[in-house]
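Notes for the one structure printed next.
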Amino acid sequence: MRQGLFLLLIIVLTTACNNKDKFRVTGHIEGAKDQMLYLQRMDLSQTVTIDSVKIKNGNFEFKNDRLEEPTFLILKLNDNNFITLLADSIETIAVDADAKNLETSYQLKNSIGSVYIQMFNKRIRKLNKELNTIVAKYKATDVKDAQTRAELEQRYDQKLNEHKAFVGEFIMENPRSFAGYYALFQNLDDNSSVMNVFDKKDQVYFSTLATSLNLYFPESERANHLYNYVLGAKAQQQRQKFADELMASKADERGYVDIEAPDLQGDTIKLSSLEGKTIIVNFWASWDEKSVAANRHLKKMYAQYKNKGLAVYSVSLDRSKVLWESTIKKEGYEWVDVSDLNYTNSFPARLYNIKQIPSNYIISPKGEIIGKDLFGNRLTDKLKELL
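Positions in the sequence shown are counted from 1; adding 206 to them yields our numbering.
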């Protein structure tokens with residue numbers, strides 16, 4: 207009898223211990239009766255489904271082994287209806303949502319990491335809405351209305367910088383939170399990054415979080431990824447500094463440095479692909495009225511001389527693909543136009559030591575740099591001389 211009670215006690219204690227070593231996601235989804243619900247883990251290279259349940263009367267429960275580190279999870283009804291969670295160790299995350307739209311309806315309990323993720327997603331939705339409104343007004347504004355366009359550009363940058371400052375402040379106050387990692391890699395609707403590791407201010411936040419996560423989670427694949435990502439960016443900046451110095455030292459020598467960047471279709475185009483022609487390497491940006499004005503004159507020159515051997519390789523220092531594409535279509539540029547969408551950190555621009563825009567270089571069919579920063583009548587006269 208005593209032996210039986212003893213064995214029963216062991217079983218009860220073992221079960222209790224096992225249950226304590228689990229993490230759970232439980233809750234209720236209104237309007238989801240008899241639907242399948244999936245729990246997925248977001249790894250760096252893939253998303254893995256770790257469990258699925260059929261919702262009964264709106265209620266559900268997932269129970270899995272404890273997490274060794276904070277982990278990003280997806281709770282979804284389908285690929286277009288899901289929420290992102292940040293689970294830790296043996297949390298029991300409680301979720302209450304409406305099946306019509308999980309993302310905008312869900313409420314959370316017992317998971318501070320998931321609350322942070324929800325906060326950042328709400329903020330990025332609000333930011334996208336504000337920026338899209340500004341972009342729509344920008345598109346509708348006549349290019350000649352420089353003041354209105356400048357005001358819209360300023361408002362765009364202000365909204366973006368406010369969000370960046372919020373992310374930075376969060377990271378400084380929560381240097382151990384993987385929610386900061388999530389915020390660093392959020393994108394806008396046009397797929398451009400909010401935070402830029404090559405930006406001097408932003409890089410402080412990247413470095414702070416990378417150092418902290420690497421210290422407290424040395425075995426974490428995601429922490430190692432961020433740490434190496436920052437190291438790689440800094441190494442690239444060092445190489446860029448050397449390239450700047452090299453280009454500056456060769457500014458008056460013969461020959462040019464080859465560059466490459468994606469065009470609007472995402473195809474990488476090399477400057478050297480235009481070899482054998484007289485090439486104008488044109489540095490500009492859709493947000494710079496002087497650039498757009500200079501391009502109008504360049505457009506006339508291109509139409510006049512393109513059949514006589516003139517080529518234009520135009521590099522945009524834009525950050526928004528939407529604004530870049532909108533200006534190209536509105537102005538009717540027909541030449542090669544590329545951009546890495548890194549704004550003033552544009553790699554091709556830095557390689558050519560561009561300090562202001564508009565700026566240009568003229569390269570002969572033999573590959574010699576034969577002109578620099580020629581605009582208006584000076585450009586017209588130079589092309590008459592060459593072609």
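Yeah, the Cβ is synthetic: ideal placement off N, Cα and C, and Gly gets one too.
Mind checking which residues open and close the beta strand (DSSP E) that includes residue i?
i	result
Y519	516–522
F229	228–236
E267	265–271
R556	No beta strand (DSSP E) contains R556, which is instead part of the alpha helix (DSSP H) from 553–557.
Y567	565–569
G577	575–578
L544	Reading off the sequence, residue 544 comes out as Val, not Leu. Note, V544: beta strand (DSSP E), 542–544.
Note the first and the last residue of the continuous alpha helix (DSSP H) segment covering residue i.
i	result
R361	352–379
E537	527–537
T586	582–592
K328	318–346
D408	406–422
L390	384–390
Just the Cα atoms here: how many angstroms apart are residue i and residue j?
i	j	result
D464	V542	15 Å
Y387	H431	10 Å
L580	T533	22 Å
N338	E357	15 Å
R247	I280	6 Å
Q503	S552	As written in the sequence, residue 503 is His, which differs from the Gln given in the question. Roughly 24 Å separates the two Cα atoms.
Q360	S426	40 Å
S258	R428	25 Å
Q442	L477	21 Å
G577	R584	10 Å
L437	T232	39 Å
G237	K315	20 Å
D240	D348	54 Å
L394	V403	16 Å
E574	G582	22 Å
D249	A293	13 Å
Taking all protein chains shown into account, do 16 or more other C-beta atoms lie within 10 angstroms of the C-beta of residue i, making it buried, or fewer, making it exposed?
i	result
P276	buried
D524	buried
D494	buried
T484	buried
R382	exposed
K370	buried
S497	buried
D546	buried
A509	exposed
K319	The amino acid occupying residue 319 in the given sequence is Gly; Lys does not appear at that position. Buried, since its Cβ has 16 or more Cβ neighbours within 10 Å.
L333	buried
Given residue i, which residues of its chain have a CB within under 8 Å of its CB, disregarding the five upstream and five downstream residues?
i	result
N380	Y322, G386
R272	D227, K228, F229, S295, I296
L470	K527, W530, E531, I534, D543
I289	I280, L281, K282, V301, A303, L308, E309, Y312, Q324
M401	K370, V373, A389, L390, F391, Q392, D408, Y411, F412
L480	A517, Y519, V542
Y344	R355, L358, E359, Y362, L529, S532
D396	S526, K527, V528
S166	A query on residue 166 cannot be resolved here, the shown segment of the chain reaching from 207 to 593 and no further.
Excluding sequence positions up to five away, which residues of its chain have a Cβ less than 6 Å from the Cβ of residue i?
i	result
Y594	The chain is shown only over 207 to 593; residue 594 falls outside these bounds and no answer can be derived.
P554	I465, A467, V521
F266	L243, V259
V218	Residue placement at V218 is poorly supported in this model, since its pLDDT is 43, which falls under 50; the coordinates still yield a value, given next. If we look at V218 and ignore the five residues flanking it on each side, it has no Cβ neighbours.
Give me, in chain order, the residues of the same chain whose beta-carbon lies closer than 7 Å to that of residue i; leave out the 5 immediate sequence neighbours on both sides.
i	result
A491	S497, S522, L523, D524, I563
I377	G386, Y411, T414, L415
Any heavy atom of the ligand HEM within a distance shorter than 8 Å of the CB on residue i?
i	result
I485	No copy of the ligand HEM occurs in the structure displayed, which carries no ligand at all.
- What are the start and end residues of each continuous beta strand (DSSP E) run of 3 or more residues lying completely inside the stretch 444–513, in chain order? Given a length threshold of 3 residues, each whole run of the beta strand (DSSP E) inside the stretch 444–513 is given here in chain order: 466–468, 474–476, 484–490.
- Item | Continuous alpha helix (DSSP H) assignments of at least 4 residues falling wholly in the stretch 234–315 | For the stretch 234–315, whole alpha helix (DSSP H) runs of length 4 or above, ordered along the chain, are 308–311.
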